[in-house]
Amino acid sequence: WKLWVFQIRMTISARVPEVITGDVGGFAAAVTTGDRSGMSQEALGDLRASNTAHLLAISGLQMGLLSGFVFASLRLFLIFLPYLGPRIAARKIAAGGALLIAAAYLALSGGNVATERAFIMVAVALIAIMLNRRAISLRAVAIAATIVLVLRPEALLGPGFQMSFAATTGLVAVFGWMRDGAVQVGPKWAQPFVVLVISSGVAGLATAPIGAAHFNSIAHYGLVANLLSVPLMGLVIIPSAVLAAILAPFGLEEVGLWAMGFGLRWILLVAGYVADFEGAKGYVAGPSPLVLPVLSIGALWLILWQGRLRYIGLIMMAASFMIWARHDRPLVLIADNGSLLGVMTDQGRALSKEKGAGFVARNWLENDGDPSSQLVAASLWGTGMKRSKVAQVGAYEFVHLIGKKAVSEFDRCQSDQIVIASVETQRDFGNYKVHDPKTLRNSGSIGLYMQGDEAVFVTARDISGDRIWSAWPSNQPSKKADQKTRPILK
Numbered sequence: 026w027k028l029w030v031f032q033i034r035m036t037i038s039a040r041v042p043e044v045i046t047g048d049v050g051g052f053a054a055a056v057t058t059g060d061r062s063g064m065s066q067e068a069l070g071d072l073r074a075s076n077t078a079h080l081l082a083i084s085g086l087q088m089g090l091l092s093g094f095v096f097a098s099l100r101l102f103l104i105f106l107p108y109l110g111p112r113i114a115a116r117k118i119a120a121g122g123a124l125l126i127a128a129a130y131l132a133l134s135g136g137n138v139a140t141e142r143a144f145i146m147v148a149v150a151l152i153a154i155m156l157n158r159r160a161i162s163l164r165a166v167a168i169a170a171t172i173v174l175v176l177r178p179e180a181l182l183g184p185g186f187q188m189s190f191a192a193t194t195g196l197v198a199v200f201g202w203m204r205d206g207a208v209q210v211g212p213k214w215a216q217p218f219v220v221l222v223i224s225s226g227v228a229g230l231a232t233a234p235i236g237a238a239h240f241n242s243i244a245h246y247g248l249v250a251n252l253l254s255v256p257l258m259g260l261v262i263i264p265s266a267v268l269a270a271i272l273a274p275f276g277l278e279e280v281g282l283w284a285m286g287f288g289l290r291w292i293l294l295v296a297g298y299v300a301d302f303e304g305a306k307g308y309v310a311g312p313s314p315l316v317l318p319v320l321s322i323g324a325l326w327l328i329l330w331q332g333r334l335r336y337i338g339l340i341m342m343a344a345s346f347m348i349w350a351r352h353d354r355p356l357v358l359i360a361d362n363g364s365l366l367g368v369m370t371d372q373g374r375a376l377s378k379e380k381g382a383g384f385v386a387r388n389w390l391e392n393d394g395d396p397s398s399q400l401v402a403a404s405l406w407g408t409g410m411k412r413s414k415v416a417q418v419g420a421y422e423f424v425h426l427i428g429k430k431a432v433s434e435f436d437r438c439q440s441d442q443i444v445i446a447s448v449e450t451q452r453d454f455g456n457y458k459v460h461d462p463k464t465l466r467n468s469g470s471i472g473l474y475m476q477g478d479e480a481v482f483v484t485a486r487d488i489s490g491d492r493i494w495s496a497w498p499s500n501q502p503s504k505k506a507d508q509k510t511r512p513i514l515k
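Numbering (the working numbering), first residue to last: 26 to 515.
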């Protein structure tokens, strides 16, 4: 049956772009089957810069809108059935039908982790309806999170799980407080718009710190883009997709796809417009590992605790941002295979190579909150030998030897030097510290931090810890250094 479902999925992925061309067709295929191959990098970049990329993924929003639309439509249909309407449990039957459609959507989308997580959340809500329980509650969110973690424990550390449940928990809590306190913002006729603004604002605030921590960027105008885009997903795109599915057996799916394309075209226009705003995207440095745990515990304390003690959660949340603000990036970074050296300067991180080790360079710069390219970062090193880069950092002189020729010609090892070779070397450097791909396999990448007047080396092994399947770590002792000495690049 998996092959049969895959064939249906590929058929839809091929058919949709035939009816809706360009990026809009690729967007439609992504929303229906999870296939993003039809979208250009420019369109994807606009969606990310405007914080509307979540509309591209088959996740909680799409799954919730689809199941909600099917549930409401089925319930309305059953209620108005002659004779049967008043005599059947229309609400429970509609919930069961919506659950089946959600399961079909899960299979059609390819069953990726985000969609599985969304299906579990929706399934918990629909089953609660069938059991005469409140569908949307913090208890239901906790049950869904527990099921996800039992099935995929590794999801806890992923941005998808964290952002999905942060947004869901925030929305359930805020609207629960409004319901219990009988709070109504604005006149009745404006309630749909008010709910949309509150939903987008709460979800944005809940997910922004997590997104910034994982992706080192913030979309400053994401709220505006989402206010202009999300309503069309629920009012036009999802209903049109259902209509296309109903009409497909009769060869009339073009009617639904045309309406679907109208909504998706609008979203791409909004994304492109917002992405062109000056300062649409901001960059932030990576946080300390303590930030997200402290922030999450504080937020949960604020939501779950009762009485005045709940405001301790606000103190914890404020403390997490203070920890983030005071977190320093490593002054020096050494790649785990010796292919790249990065030194922090007043202008940003200087890299020892203009190209090569691009993945490492991109990660370093992103975690520094620096949007510069590797070429720009390498230009900060200034002039010097192409295959031998030297940086004086406090009491240490770092020498990066690039290639076999540079390693073979190097003959001036000194006691205060740390040599990084991009290739394995058989040369005897005596008691001097040399990092090559062989030794770095034991320690992993290395960072140098300044703690007062002391330089502290931290390896990837120090952070991950020793494992029985890992080689023994190679420890680098700390050494006194002048904190005020700025890096001198040669």
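Idealized CB from N, CA, C, for every residue including glycine. Quick caveat, the model's predicted, so the values are computed rather than measured.
| Item | Value |
| --- | --- |
| Burial state of Tyr-421 (16 or more Cβ within 10 Å) | buried |
| Unbroken stretches of the beta strand (DSSP E), 3 residues or longer, contained in the segment 393–429 | 413–418 and 421–426 |
| Unbroken beta strand (DSSP E) run spanning Ile-243, endpoints | 242–244 |
| Cutoff 7 Å; reference Arg-147; Cβ partners in own chain excluding five residues on either side | In the sequence as presented, Arg is not what sits at residue 147; that position holds Val. For Val-147, where only same-chain residues beyond five positions count, the Cβ hits under 7 Å are Met-88, Gly-89, Ser-92 and Ala-127. |
| Range of the contiguous alpha helix (DSSP H) that encloses Leu-325 | 316–329 |
| Rounded separation between Val-459 and Arg-164 - CA only | 55 Å |
| Proximity below 9 Å, CB of Ala-169 to CB of Val-149 | yes |
| Residue range of the alpha helix (DSSP H) that includes Thr-77 | Premise fails: Thr-77 is in no alpha helix (DSSP H) and is neither H nor E. |
| Rounded C-alpha distance that separates Met-285 from Ala-270 | 12 Å |
| Beta-carbon proximity check, Met-155 vs Gly-121, cutoff 9 Å | yes |
| Contact check, Ile-488 vs Leu-366, beta carbons under 9 Å | no |
| Residue burial classification, Val-368 (beta-carbon count within 10 angstroms, cutoff 16) | buried |
| Alpha helix (DSSP H) segment containing Val-280, residue limits | 278–300 |
| Cutoff 7 Å; reference Ile-337; Cβ partners in own chain excluding five residues on either side | Trp-326 |
| Asn-157 classed as buried or exposed, judged by whether at least 16 other C-beta atoms fall within 10 angstroms | exposed |
| Pro-502 versus His-352: straight-line alpha-carbon distance, rounded | Bear in mind that the predicted position of Pro-502 carries a pLDDT of just 43, short of 50, making it unreliable; the figure below should be weighed with that in mind. Cα to Cα, the separation comes out at about 22 Å. |
| Backbone CA spacing between Arg-354 and Asp-393 [nearest angstrom] | 7 Å |
| Nearest to Val-41 (by Cα), restricted to the options Gln-32, Gly-51 and Ala-403 | Gly-51 |
| Whole-Å CB distance - Ser-75 paired with Tyr-308, under 8 Å assumed | With 8 Å as the limit, Ser-75 and Tyr-308 do not qualify as a contact, their Cβ atoms being about 16 Å apart. |
| Three-state secondary structure assigned by DSSP to Tyr-336 | helix |
| N-terminal and C-terminal residue of the alpha helix (DSSP H) that Met-203 is part of | 184–205 |
| Straight-line gap, Val-316 to Thr-46 (C-alpha atoms, nearest Å) | 44 Å |
| Test item: CB-CB of Ile-359 and Ile-471 under 9 Å | yes |
| Delimiting residues of the alpha helix (DSSP H) encompassing Lys-117 | 115–133 |
| Distance between beta carbons of Gly-363 and Leu-465, contact taken as under 8 Å | 6 Å |
| Selected residue, minimal CA-CA separation from Ile-340, among Gly-373, Val-319 and Leu-356 | Val-319 |
| Per DSSP, the bridge partner or partners of Ala-431 | Note: Ala-431 sits in no beta bridge, so no partner. |
| Same chain, Cβ closer than 6 Å to Lys-117, neighbours up to 5 away in sequence not counted | Met-155 |
| Separation of Leu-405 from Ala-416, as counted between CA atoms | 12 Å |
| Run of the alpha helix (DSSP H) containing Gln-32, from where it starts to where it stops | 27–44 |
| Nearest candidate by alpha-carbon position, reference Gln-399, set Leu-376, Val-418, Gly-419 and Arg-412 | Leu-376 |
| Which listed residue (Gly-311, Glu-278, Ile-104 and Ala-324) has its alpha carbon closest to that of Asn-388 | Gly-311 |
| Contacting residues, own chain, Cβ-Cβ under 7 Å from Ser-38 (five flanking each side not counted) | Ala-54, Thr-58 and Asp-60 |
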